[in-house]
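All remarks here apply to the structure that follows.
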Amino acid sequence: MLHLVAIVSAPWAMSPSSELSQSVFRFFQPWLDAAYLNHGYHFFAPEPGPCHSIRYELQFADGTRAEGVFPDPQAHSPRLLYHRHFMLTETAGRLAVDESSEASLRQLSQSFATHLLAETGAARVQLVLRRRYIPTPEQVATGLPLTAPELLAERPLGTFELSGSQRTAVPSPVRLAERDDYVAQSLRD
Amino acid sequence: MTLPLSPEPARPETLASGSDLARSLLFAPLRNFINGISDGWNAFWFRPADSSPLTLIRIGTGLLLFYSQIVWALSSPSFFGPSAWLSAAANESIRTSAWAVSPLWLVEDNPALLCLTHLTAIISALLLTVGLYSRAAAVLSFLLTAAFANRNPAALYGFDQVLGLLTLYLCVHPGHDRLSLDQQRTRRAPQPSVSAGIALRLIQLHLCLLYAVAGLSKLKGAAWWSGVAFWGAVGSADYQTIDLTWLVHWPLLINLLTHLVLAWEVSYCVLIWNRLWHPVVLSLAAAVHLGIGLCFGMMPFGLAMLVANAAFLSPSLFEKGLSRTTTSSPAATRYPASGLE
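Same order as they appear, the protein sequences are chains P and C.
The numbering of the first sequence is our numbering, which starts it at 1 and goes up by one.
The numbering of the second sequence is our numbering, which starts it at 1001 and goes up by one.
Printed below as a string of structure tokens:
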């Protein structure tokens, strides 16, 4: 019975929520978090929205450059692996539209940069969050492809290089990301 | 003239007193009502149930878990290594509480221990699938599913959530008395059990909650009311695996599919218990989840949802197939927990 109340409290306490629902949720949160049952189940809700990816530009010590995007359906196969990477960038996209999550977004960007630098051996990486808007049926009917560049809005996340410990990327003094209200650049907004 | 016979009126001395009569009249219906609720509650939760749906759920969950763990293992350095996508600091900044613990943080710098953890997770998923040491395998699978999830909370989606809840409830009863090596070892005939009933009820109620919340949360979105939300999934290049953009020429079909999906999700938790609607609701579940799997590249999620929906299947559906390989208990058929009894 307690377990049933606990699993109901998780979606019940999702924002916007009452003080009562949050109190009940806080009581059960240790069990819900530890057992990975803390879910809101808001699939495609309140409505399907734009998706996010991260474009990165690597700069190596010898001056060469390379570019990439994640998630990448070709590189991240099988599809489950693609979705795991997709959820990483969706988390960044969710944090990017919430000003109170700015610190979390910086931590996440730094973490992504650390991984890319360690994986590729590059000296510096620039990250750009890309938001792809969904075209209207009318736009597609007139020939606009789903991957049209006009549907993309970008927000720089920063340029990073490895610190002395060689374990954590830090924002490069060359260029620090400024908050760019990239949402306003969209076609639909 | 003959008067009709009438029951002999109760003599006053047969009743203890007037107040007893009043109390009896007042409280008897209340007592009956409470007893009815109590009996219903006990029957719902504690009546021994046939475990054959759990057998299907165990095998399906085991296979999906095996696939998930293989994918985790193949990408181990990216998700569990010292320079994984999600660092400890980043995880700290996005997690909701300190209770989302994972021992995988302790082995990120030790490739041998990390490899051993992956191997343990893969083997436990295999043991769950074939039904060998099933209950231990279910408990281990649940603990490892939570541990892997809590290490990478930013890399998860509905597939992981459903696997988590299924492994948890398989700990209550892993459906190991059919199509399992445990059953081969012990040679015990399947018997209806209270734990099978509880496990099935927990999956059923969790599934009802999931669909109800998924449906109700959509009611906040204008696109679900205006009938274009379905296009939101179809028109997303990041989700699309099958080109459905031809639907732009069929706007009414987009409206119909949007309204149908929403109506099904919102009503699932009520109609699934109705004998008439039960097959309709389950058929729509199959169509929706296979459709999402095929068209939007989320087949693991679609299959996990279908496996969970097996909790609502009548055990009689399994009887023919399972009776070829195992001894079926005649009593079991009298104790379904499909919600329709």
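For glycine and all other residues, C-beta sits at the position ideal for the given N, C-alpha and C.
- For the segment 1146 to 1172 of chain C, residues whose beta-carbon sits nearer than 8 Å to a beta-carbon of chain P comprise A1146, A1149, N1150, N1152, A1154, A1155, L1156, Y1157, G1158, F1159, D1160, Q1161, G1164, L1165, L1168.
- Per DSSP, the unbroken alpha helix (DSSP H) holding Q110(P) starts and ends at 102 to 120.
- Less than 7 Å divides the Cβ of A1308(C) from the Cβ of V1162(C).
- Residue contact with chain P for I1094(C): present (Cβ-Cβ distance below 7 Å to some residue of chain P).
- Between G1232(C) and A1223(C), the CB-CB gap stays under 7 Å.
- If you check the CB distance, A1237(C) and T142(P) do not come in under 7 Å.
- What P1300(C) touches in chain P, judged by beta-carbon distance under 7 Å, is L80, going in chain order.
- Take the alpha-carbon of W1246(C) and the one of A1154(C): they are about 33 Å apart.
- DSSP lists no beta-bridge partner residue for L1282(C).
- Fully contained in the segment 122 to 159 of chain P are the following alpha helix (DSSP H) runs of length 4 or more, in chain order: 137 to 141.
- Taking the C-beta atoms as reference points, P156(P) is found no nearer than 7 Å to G1221(C).
- If you draw a straight line from the Cα of F1142(C) to the Cα of T1167(C), it is about 5 Å long.
- Bridge pairing for F70(P): I54(P) [DSSP].
- Neighbours of H1278(C) across chain P, judged by C-beta separation under 8 Å, do not exist; the nearest C-beta is about 22 Å away.
- Under the three-state reduction of DSSP output, R65(P) falls in the strand class.
- Here the C-alpha atom of T1129(C) lies approximately 24 Å from the C-alpha atom of S77(P).
- Within 10 angstroms of the beta-carbon of E1265(C) lie 16 or more other beta-carbons, which makes it buried.
- If you draw a straight line from the Cα of S1068(C) to the Cα of L80(P), it comes to about 8 Å.
- Closest in C-alpha terms to S1283(C), from the list C1295(C), V1261(C), L1210(C), G1297(C), comes V1261(C).
- Taking a beta-carbon distance threshold of 7 Å, T1245(C) counts as an interface residue toward chain P.
- The C-beta separation of S1193(C) from H1173(C) comes to about 7 Å, placing the pair in contact by the 8 Å criterion.
- Note: Q1240(C) is not bridge-paired with any residue in the DSSP secondary-structure output.
- The C-alpha of L1306(C) is placed about 7 Å away from the C-alpha of H1289(C).
- For the pair S104(P) and L116(P), the CB atoms are not nearer than the 7 Å cut-off.
- If you ignore the 5 residues before and after W12(P), its C-beta comes within less than 8 Å of the C-beta of S21, V24, F25, all in its own chain and listed in chain order.
- Boundaries of the alpha helix (DSSP H) around S1134(C): 1134 to 1151.
- Counting along the chain, V1266(C) sits inside the alpha helix (DSSP H) bounded by residues 1251 to 1271.
- With the criterion set as a beta carbon lying under 9 Å from some beta carbon of chain P, the members of the segment 1197 to 1223 of chain C are L1202, L1205, H1206, L1209, L1210, Y1211, A1212, V1213, A1214, G1215, L1216, S1217, K1218, L1219, K1220, G1221, A1222, A1223, in sequence order.
- Rounded to the nearest whole angstrom, the CA to CA distance from M14(P) to T1096(C) is 12 Å.
- Taking each of G63(P), F86(P), L58(P) in turn and checking the Cα distance to F70(P), the smallest one comes out for F86(P).
- Counting the other Cβ atoms within 10 Å of the Cβ of Q1184(C) gives fewer than 16, which makes it exposed.
- Boundaries of the alpha helix (DSSP H) harbouring L2(P): 2 to 12, taken from the DSSP string.
- In the structure shown, the three-state DSSP call for S1038(C) is helix.
- Taking the CA atoms as reference points, L1127(C) sits about 26 Å from G1293(C).
- The Cβ atoms of L1179(C) and T1258(C) lie no closer than 7 Å to each other.
- Neighbours of Q1069(C) in chain P, taken as residues whose beta carbon is under 9 Å from its own, are absent, since the nearest beta carbon is some 11 Å off.
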